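*Asks:* Okay, handing you the structure first.
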Amino acid sequence: MRGRGGGDLHTLVGAYAMDAVTQADRARFEQHLAGCDPCRAEVRGLREATARLAAAAQVRPRPELREQTMLAASLIRQLPPEGDAETPAGVRWRARRRVVLSWAAGGLAVGLAAAAIAAGVAMSGAEHRLDMAQRRTHAIAAVLGAPDATMLTAKVTTGGSATVVMSHRDRALVFTAAGLPALAPGQSYELWLMVPGGAVSEGMLPAAKGGMRGPLVISGLAPGDRVGLTVEPAGGAARPTTPEILVLSP
Amino acid sequence: VDVSASGPQRGAPDPAGAGQPGGDLAGLLGLVARGDPAAFRDVYDRAAGQVLGVARRVVRDPAQSEEVMQEVLLEVWRTAARFDPAAGSAAAWIMTLAHRRAVDRVRSEHSAAQRELRAATVPVDYDDVTEAVETSLEHERVRRCLGSLTDLQREAVTLAYYQGYTYREVAGLLGVAVGTVKTRMRDGLIRLRDCLGVG
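Line by line, the protein sequences are chains E and P. Anchor point for the first sequence: position 15 equals 15 in the working numbering, and the numbering is continuous, going up by one each time. Anchor point for the second sequence: position 43 equals 1043 in the working numbering, and the numbering is continuous, going up by one each time.
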């Protein structure tokens, strides 16, 4: 408001409430908001109005999106309340345990990860004693439990969708797919890491369990790498022989 | 309209997709924050249609809009504990997330030239019903209140909110000074807020 150091800046409040501002405008305006209680109150009120604009635009989502979203949620670790310094361990433990239970309920064999995550087993030190299956479940658990884990979902052109949970910190991602069409005998879905100069096979997608395939872990990601999916002979191909039916840029 | 259900218990869930914002949505978010999948399902049923509606208006592409909708709902799941009822209603919190995500998506996807082309080919129409919109009381009310704005206020608000343009872009599209657009956006939203009796 005028006289509070906001001056003309405050007229931006309407544009700000509708995200009709650039990143720079937004940052500048939020600085202004931080020192102005009535301005924040005005933003609150205007946002109630824009929420009604949203309500008026309502459409009906395709029914299958509902269960897909529920499934994806079960893979994602929730944030504790801000400033909740007293109970983070407990919250995290519950959150992780739930992730694990949901994976198990989805027919995904991560029982080992369940034990490892719930107990908070350290990744280093013990790792060299683990066999490959254990390593894999550990890697999955690490990505799902990473503080910066984010999720991305995308359609597969031939049907179904892919969900990726990715940790930039760990330079790794967990890939799952849901609702992919069944393939002819002798064919499989193959996952690729597409790096500059070629594609590296990340393995075949396992058979569907409860409509879901995966999880597969891809590690050692570099900026710019993409993830691709193709249909290949069941034994796998050394490089993609058919067009990608999915390309993700995590 | 925003009558909270008593206590932390979940109220009887609305029929899927019922366009009733507020209500006990805040209470549901509290349960979602504690990892309650049933509460998250209820939140989805209440909010997904509106989130998708906003995404469709802003992003246009149906497949990308669905991705935005899912990302927003998952963000709600992930950050429900950070929802602060003192900072506004649960519906406003979710729709703010939704609109920002949609706008971010369209601004990263479209070059300026494409956006201008889009602007040239998409008529300014705040009531363009492109698909099975739930014809709700809410829809009627908002339409009526938008009708009470001046033409310039309404165009500024709908171009910004439903099509994701910045105030500078809106000024260019409407051939009006930037300062004028800023004040019309503010005045338009204030009038809309007062007409709807919210805030």
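All C-beta atoms, glycine included, are put in the ideal place defined by N, C-alpha and C. Fair warning: this is a prediction, and the values are worked out from it, not measured in the lab.
Mind checking if residue 225 of chain E is an interface residue toward chain P, Cβ cutoff 8 Å exclusive?
*Replies:* On the first sequence, position 225 is the one that residue 225 of chain E refers to. Not an interface residue.
*Asks:* Quick check: the stretch 162-179 of chain E against the stretch 140-154 of chain E, are at least 3 beta-carbon pairs closer than 8 Å?
*Replies:* Yes, since at least three Cβ pairs between the stretch 140-154 of chain E and the stretch 162-179 of chain E fall closer than 8 Å, the two stretches touch.
*Asks:* Kindly say whether residue 1074 of chain P, judged by its beta-carbon, lies nearer than 8 Å to any beta-carbon of chain E.
*Replies:* What you label residue 1074 of chain P is simply residue 74 of the second sequence in a count that begins at 1. Residue 1074 of chain P counts as touching chain E.
*Asks:* According to DSSP, simplified to helix, strand and coil, what is residue 161 of chain E?
*Replies:* As a first step, residue 161 of chain E must be located in the first sequence, where it is residue number 161. Strand at residue 161 of chain E.
*Asks:* State the DSSP-derived secondary structure class of residue 1069 of chain P, mapped to helix, strand or coil.
*Replies:* As a working note, residue 1069 of chain P is residue 69 in the second sequence. Residue 1069 of chain P: helix per DSSP, three-state reduction.
*Asks:* Can you check whether the CB of residue 70 of chain E is closer than 8 Å to the CB of residue 1041 of chain P?
*Replies:* The residue labelled residue 1041 of chain P in the question sits at position 41 within the second sequence. The residue labelled residue 70 of chain E in the question sits at position 70 within the first sequence. Cβ distance < 8 Å, so residue 1041 of chain P and residue 70 of chain E count as in contact.
*Asks:* Closest Cβ-Cβ distance between residue 1201 of chain P and chain E: below 8 Å?
*Replies:* Outside the displayed span of chain P (1001 to 1199) sits residue 1201 of chain P, for which this structure offers no information.
*Asks:* What do you reckon, are the CB atoms on residue 999 of chain P and residue 15 of chain E nearer than 8 Å?
*Replies:* Lying before the first or after the last residue shown, residue 999 of chain P is absent from chain P, which here runs from 1001 to 1199.
*Asks:* If you reduce the DSSP assignment to three classes, tell me which class residue 218 of chain E lands in.
*Replies:* Counting from one through the first sequence, the residue named residue 218 of chain E turns up at place 218. Of the three classes helix, strand and coil, the one that applies to residue 218 of chain E here is strand, per DSSP.
*Asks:* Listed in chain order, which residues of the stretch 1061-1085 of chain P have Cβ atoms closer than 8 Å to some Cβ of chain E?
*Replies:* From the stretch 1061-1085 of chain P, only 1063, 1066, 1067, 1069, 1070, 1071, 1073, 1074, 1077, 1078, 1079, 1080, 1081 and 1082 have a Cβ closer than 8 Å to chain E.
*Asks:* If you drop the 5 nearest sequence neighbours on each side, which residues of the same chain put their C-beta closer than 6 Å to that of residue 1148 of chain P?
*Replies:* Taking the first residue of the second sequence as 1, we reach residue 1148 of chain P at position 148. Result list for residue 1148 of chain P: 1195, in chain order.
*Asks:* Please name the residues in the stretch 54-65 of chain E whose beta-carbon is closer than 8 Å to at least one beta-carbon of chain P, in chain order.
*Replies:* Per Cβ criterion, the list reads 54, 55, 56, 57, 58, 59, 60, 61, 62 and 65.
*Asks:* Kindly say whether residue 299 of chain E, judged by its beta-carbon, lies nearer than 8 Å to any beta-carbon of chain P.
*Replies:* In the structure as shown, chain E begins at 1 and stops at 250. Residue 299 of chain E is therefore absent and cannot be evaluated.
*Asks:* Tell me where the beta strand (DSSP E) around residue 226 of chain E begins and ends.
*Replies:* What you label residue 226 of chain E is simply residue 226 of the first sequence in a count that begins at 1. Taken as a continuous stretch (DSSP letters only), the beta strand (DSSP E) holding residue 226 of chain E covers 226-233.
*Asks:* Measure from the alpha carbon of residue 1107 of chain P to the alpha carbon of each residue in P:1183, P:1064 and P:1177, then state which is nearest.
*Replies:* If you number the second sequence from 1, residue 1107 of chain P lands on position 107. Here the closest residue by C-alpha is P:1064.
*Asks:* Go ahead and label residue 236 of chain E buried or exposed: buried means 16 or more other beta carbons lie within 10 angstroms of its beta carbon, across all protein chains shown.
*Replies:* In the first sequence, the residue the question calls residue 236 of chain E occupies position 236. Label assigned to residue 236 of chain E: exposed.
*Asks:* If residue 54 of chain E sits next to residue 1053 of chain P, beta carbons under 8 Å apart, how far is it from one beta carbon to the other, in whole angstroms?
*Replies:* Working through the first sequence from its first residue, we reach residue 54 of chain E at position 54. Working through the second sequence from its first residue, we reach residue 1053 of chain P at position 53. Contact flag correct, Cβ pair sits at about 7 Å.
*Asks:* Please tell me whether residue 1108 of chain P has its Cβ less than 8 Å away from any Cβ of chain E.
*Replies:* As a first step, residue 1108 of chain P is located in the second sequence; it is residue number 108 there, counting from the start. Closer than 8 Å: no.
*Asks:* How far does the alpha helix (DSSP H) with residue 70 of chain E in it extend, from its first residue to its last?
*Replies:* Residue mapping note: residue 70 of chain E aligns to position 70 of the first sequence, counting from 1. Element bounds for residue 70 of chain E: 64-74.
*Asks:* Quick check: what's the CA-CA separation for residue 1155 of chain P versus residue 1174 of chain P?
*Replies:* Along the second sequence, read from residue 1 onward, the residue named residue 1155 of chain P stands at position 155. Along the second sequence, read from residue 1 onward, the residue named residue 1174 of chain P stands at position 174. Near 8 Å, if we compare the C-alpha coordinates of residue 1174 of chain P and residue 1155 of chain P.
*Asks:* When you compare only the Cα positions, how much space is there between residue 193 of chain E and residue 214 of chain E?
*Replies:* Residue mapping note: residue 193 of chain E aligns to position 193 of the first sequence, counting from 1. Residue mapping note: residue 214 of chain E aligns to position 214 of the first sequence, counting from 1. Going by the C-alpha atoms only, they are around 15 Å apart.
*Asks:* Using the beta-carbon of each residue, which ones in chain P are nearer than 7 Å to residue 48 of chain E?
*Replies:* Taking the first residue of the first sequence as position 1, residue 48 of chain E is located at position 48. The answer, in chain order, is 1088, 1089, 1092, 1193, 1198 and 1199.
*Asks:* Could you check which residue in E:231, E:249, E:212 and E:67 has the C-alpha nearest to that of residue 184 of chain E?
*Replies:* Mapped onto the first sequence, residue 184 of chain E falls at position 184. Closest by alpha carbon: E:231.
*Asks:* Between which two residues does the alpha helix (DSSP H) carrying residue 1167 of chain P extend?
*Replies:* In the second sequence, residue 1167 of chain P corresponds to position 167, counting from 1. Start and end: 1167-1174.
*Asks:* Between residue 191 of chain E and chain P, is there a C-beta pair that is closer than 8 Å?
*Replies:* By one-based count along the first sequence, residue 191 of chain E stands at place 191. No, residue 191 of chain E does not count as interfacial toward chain P.
*Asks:* Going by the CB atoms, is the gap between residue 238 of chain E and residue 68 of chain E shorter than 8 Å?
*Replies:* Counting from one through the first sequence, the residue named residue 68 of chain E turns up at place 68. Counting from one through the first sequence, the residue named residue 238 of chain E turns up at place 238. Taking 8 Å as the Cβ cut-off, residue 68 of chain E and residue 238 of chain E do not qualify as a contacting pair.
*Asks:* Do residue 167 of chain E and residue 149 of chain E have their CB atoms nearer than 8 Å?
*Replies:* Here residue 167 of chain E corresponds to residue number 167 of the first sequence, with the count starting at 1. Here residue 149 of chain E corresponds to residue number 149 of the first sequence, with the count starting at 1. Closer than 8 Å, so yes.
*Asks:* Bridge partners of residue 213 of chain E, per DSSP?
*Replies:* Indexing the first sequence from 1 puts residue 213 of chain E at position 213. Answer by DSSP bridge pairing, in chain order: E:177.
*Asks:* How would you list, in chain order, the residues of chain E whose beta-carbon sits under 7 Å from the beta-carbon of residue 1137 of chain P?
*Replies:* Within the second sequence, the letter at position 137 stands for residue 1137 of chain P. Ordered by position in chain E, no residue passes the 7 Å Cβ test against residue 1137 of chain P, which lies about 10 Å from the chain.
*Asks:* Between residue 31 of chain E and residue 180 of chain E, what straight-line distance do the alpha-carbon atoms span, to the nearest angstrom?
*Replies:* Residue numbering aside, residue 31 of chain E sits at position 31 when the first sequence is read from its first letter. Residue numbering aside, residue 180 of chain E sits at position 180 when the first sequence is read from its first letter. Approximately 47 Å between the Cα atoms of the pair.
*Asks:* Leaving out the 5 sequence neighbours to the left and right, which residues in its chain are closer than 6 Å to residue 227 of chain E when beta-carbon positions are compared?
*Replies:* Walking along the first sequence from the start, residue 227 of chain E turns up at place 227. Around residue 227 of chain E: 248.
*Asks:* At the level of alpha carbons, what is the spacing between residue 40 of chain E and residue 10 of chain E?
*Replies:* As a first step, residue 40 of chain E is located in the first sequence; it is residue number 40 there, counting from the start. As a first step, residue 10 of chain E is located in the first sequence; it is residue number 10 there, counting from the start. Cα-Cα distance, rounded: 11 Å.
*Asks:* Which ranges would you report for the beta strand (DSSP E) in the stretch 1026-1072 of chain P if only whole runs of at least 3 residues count?
*Replies:* For the stretch 1026-1072 of chain P, not a single whole beta strand (DSSP E) run of length 3 or above is found.
*Asks:* Cβ closer than 8 Å: which chain P residues qualify as neighbours of residue 147 of chain E?
*Replies:* Looking up residue 147 of chain E in the first sequence gives position 147. Going along chain P, no residue has its Cβ under 8 Å from residue 147 of chain E, so there is no contact; the nearest lies around 11 Å.
*Asks:* Excluding five sequence neighbours on each side, which residues of the same chain lie with their C-beta closer than 6 Å to the C-beta of residue 1099 of chain P?
*Replies:* Numbered from its first residue, the second sequence carries residue 1099 of chain P at position 99. Excluding positions up to five away in sequence, the list reads 1054.
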